[in-house]
Structure formats: structure tokens, C-alpha cells
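Enquirer:
Number of protein chains: 2
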Amino acid sequence: MTTTLTLEKFLPYRLSVASNAVSSRISGAYRKRFGLRIPEWRLITILAETASATPASLGDATRMDKIAISRAAAALIERGLIAADDNPADGRSHFLSLTEDGRALYADIAPMALAAEAELFASFTVDERNTLETLLRRVEAAALNSGGGPD
Amino acid sequence: MTTTLTLEKFLPYRLSVASNAVSSRISGAYRKRFGLRIPEWRLITILAETASATPASLGDATRMDKIAISRAAAALIERGLIAADDNPADGRSHFLSLTEDGRALYADIAPMALAAEAELFASFTVDERNTLETLLRRVEAAALNSGGGPD
DNA sequence: TATTGTTATACTCTATAACTATA
DNA sequence: TATAGTTATAGAGTATAACAATA
Chain A
1 MTTTLTLEKF LPYRLSVASN AVSSRISGAY RKRFGLRIPE WRLITILAET
51 ASATPASLGD ATRMDKIAIS RAAAALIERG LIAADDNPAD GRSHFLSLTE
101 DGRALYADIA PMALAAEAEL FASFTVDERN TLETLLRRVE AAALNSGGGP
151 D
Chain B
152 MTTTLTLEKF LPYRLSVASN AVSSRISGAY RKRFGLRIPE WRLITILAET
202 ASATPASLGD ATRMDKIAIS RAAAALIERG LIAADDNPAD GRSHFLSLTE
252 DGRALYADIA PMALAAEAEL FASFTVDERN TLETLLRRVE AAALNSGGGP
302 D
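Sequences listed follow chains A and B, in order. According to the numbering used here, the stretch in the first sequence is residues 1 to 151, in order. According to the numbering used here, the stretch in the second sequence is residues 152 to 302, in order.
1. Examine the Cβ distances between the segment 114-127 of chain A and the segment 39-46 of chain A and report whether three or more of them are shorter than 8 Å.
2. Grab me the residues of residue 176 (chain B)'s own chain with a C-beta within less than 8 Å of its C-beta, minus the 5 sequence neighbours each way, in chain order.
3. Could you give the uninterrupted runs of the beta strand (DSSP E) lying entirely in the segment 4-85 of chain A, keeping only those of 3 residues or more?
4. Can you tell me the Cα-Cα spacing of residue 150 (chain A) and residue 137 (chain A), whole angstroms?
5. Report the neighbours of residue 199 (chain A) on chain B: residues whose CB is nearer than 8 Å to its CB, in chain order.
6. Between residue 300 (chain B) and chain A, is there a C-beta pair that is closer than 7 Å?
7. Please list, in chain order, the chain B residues whose beta carbon lies closer than 7 Å to that of residue 9 (chain A).
8. Which residues, in chain order, does the segment 35-47 of chain A contribute to contact with chain B at a C-beta distance below 8 Å?
9. Would a C-beta distance cut-off of 7 Å place residue 173 (chain B) and residue 5 (chain A) closer than the cut-off?
10. Is the shortest distance between the beta-carbon of residue 12 (chain A) and the beta-carbons of chain B less than 7 Å?
11. Looking at the C-beta of residue 168 (chain B), does it have a partner C-beta in chain A at a distance below 7 Å?
12. Less than 7 Å between the C-beta atoms of residue 161 (chain B) and residue 260 (chain B), yes or no?
13. Sort B:228, B:238, B:189 and B:284 by Cα distance to residue 8 (chain A) and report the nearest one.
14. Assign residue 296 (chain B) to one of two classes, buried (16 or more other C-beta atoms within 10 Å of its C-beta) or exposed (fewer than that).
15. I want to see whether chain B comes within less than 7 Å of residue 26 (chain A), judged by CB atoms only; does it?
16. Quick one: which chain B residues come within Cβ less than 8 Å of residue 98 (chain A)?
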């Protein structure tokens, strides 16, 4: 019992299809109601957790590259949702943080996001949610580490 | 214990990040070596399983919309990997099936895909793999059904 | 009139590369 | 020379809308 390929049971396919379905449903809400795209939403969430961070550390925290961070930050700054302050330790960098408007927006979005998540996982027990989270972290780590990178 | 939003524990985020990491690693292989994109790869796999199918049934089987099916099929037909035959029951439709070249390509790709999957899930027990598959199916179903569709 | 499939168009996410400015 | 960040450009996946052909 090993080596028959069935798309329905192929886990990369299952992951992609599930992620796409979830992203469509969840991101639709904050895109339409708040005009936020996923990278922007991630930045706001991390900044609500960490108060102030450089683009580089935001990249680490959100698994997005510097281009995505740069674009998302520019969009949020233009809307007055985050602010950039000088980084005294490094003139090339800067500190990003939520403005008052950004905090107010976050206060509106966060409950909605949690409610949407709760609805999606309504049939899951706490154990099942934790199991899914753990398994996803393990697959992610394997995907990032295996194969030794691009050849 | 409920309502604090932490990006790291937000399951839509975990799903997206894991799926992206896995897709990058897996799809890179058959894109670079075989010149296949994901929708094309899915079509080939399904056709290897089902022998012959209309675009509509391929859409159902691969969770892709008719545009993606149409484009992927056109690319594969141009490369001589699949063939289109008339559908006697409906002149608007047609039957798609693998050519000999398509079958030969599939015979090359399938073991590689299975090996890549095996490497990604090397640390997983069979139970863990099955659990992940089941949980992903349940989330996907919830995402497709919840909320009653776009508003 | 409704449905199958194609084409045009556009949006989102991501990635590669070239560039600016600091270190 | 190397690094932090920006900008230009492009590729991949997906979606909406208009269209052609057939039912």
C-alpha cells in the first residue's frame, strides 16, 4: 500500500483547496468592509500585538517578504492607520506602529475575524483545533527545511 | 479564554502559510522539470484516474472553475498531452483524455509527486496524515457552506 | 431562455531584480 | 562591501463579465 496517486488524497492538494476556501471566506469580510488586503491585515494584527516593529521584524513575524511588507505598510501609512518613526539605531530602518485610527480599526476587525474563525471551526473540538494547528506547523516547517532549498 | 486575536494562532493564517510553503516546494518540482502549472498538473492527475471527462466534471473533481479548466486544457492540448473528442450527447461539450504522451508524462511525474509528499510528511504517522486530511476536508466544507454565500 | 465553454480583463499574492540609502 | 528598504516588473492563481455555440 503505497504509491498510487489520488488527487483527492494528495495532501498538498487538500491543503491548497482548504486554504483557498478559508481565505476566500475570511478575507472577503475585511476586504469588503474595511478595504484591507491580507498583507495589510496581518501587519495590523502584529502591530496590535507588538506595539512597534521594524519592517524586517514584521517580515519574520508574518512570513512575508520585504516587498509585501513595504507595500502593505505604504498603503496603511497613506490611510493613516500606521505611523513610521525614525530608528535611532539604524538610519535605513524605521519603527512602525498603529495610530489611534489604526487601533480603532483593529478593535472593529478583531472580533469579526474571531467570530468568522469560530464559525468556520464550529464543529471542531478544542483538541481538534489544537491538533490542526500543530500539524500545520509541522508541515510548514518540513516544507521550509526539506530539500535544502531551491536548486 | 476566548477572544484574543493572535496571528500565530489564527487558523486561517496557519492554513495559508502552511499551504503556501507546501505549494512552493511541491509545485516547483513539476513546474521546473515538466513545465506544468498547478491546474495542468491537477487535470493530468484526474484524467489518469478517470480516463475521460468533460470540462464540467473536471471542474467538480479539481475544485477549479471553468476558466481555469479551459486554460489548462488548452495548454495541455497544445503540448499533445491530452486530446479532445466530441461529446455525442452535447455539442457544446467534449471529452478530454490523456494521450500516450500524456500517460508517459504522468508515469514520470506521479512517483516524483508521491516522493515529495512522502518527504514532507516523513515525520507524520499514518494516523496523523489521516487526521490532517480529515480536518482539512471539514474546514473546507465549512468554508464553502457557512455564511450562505457572498452578500 | 438556459447552459457549456471560451475569451477579455483585472485583482491578489508572490517572487526576481535593480535601485537608493545607510552601515 | 553588505544590509534595509523601495520600486519595477512579471508570474501564478483566481474571479467577474461578456461572448459564442448549443440545448
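We put the beta carbon where it would ideally sit given N, CA and C, even for glycine.
Expert: In this structure, then:
1. no
2. 267 and 271
3. none
4. Here the model assigns residue 150 (chain A) a pLDDT of 36, short of 50, so the residue's position is not dependable and the matter cannot be decided.
5. Missing from the structure shown is residue 199 (chain A); chain A here goes from 1 to 151 and no further.
6. Low confidence applies here, because residue 300 (chain B) scores a pLDDT of 39, under 50, leaving its location unreliable and the question unanswered by this model.
7. 284
8. 38, 42, 45 and 46
9. no
10. yes
11. yes
12. no
13. B:284
14. exposed
15. yes
16. Here the premise fails: no neighbours, minimum Cβ distance about 14 Å.
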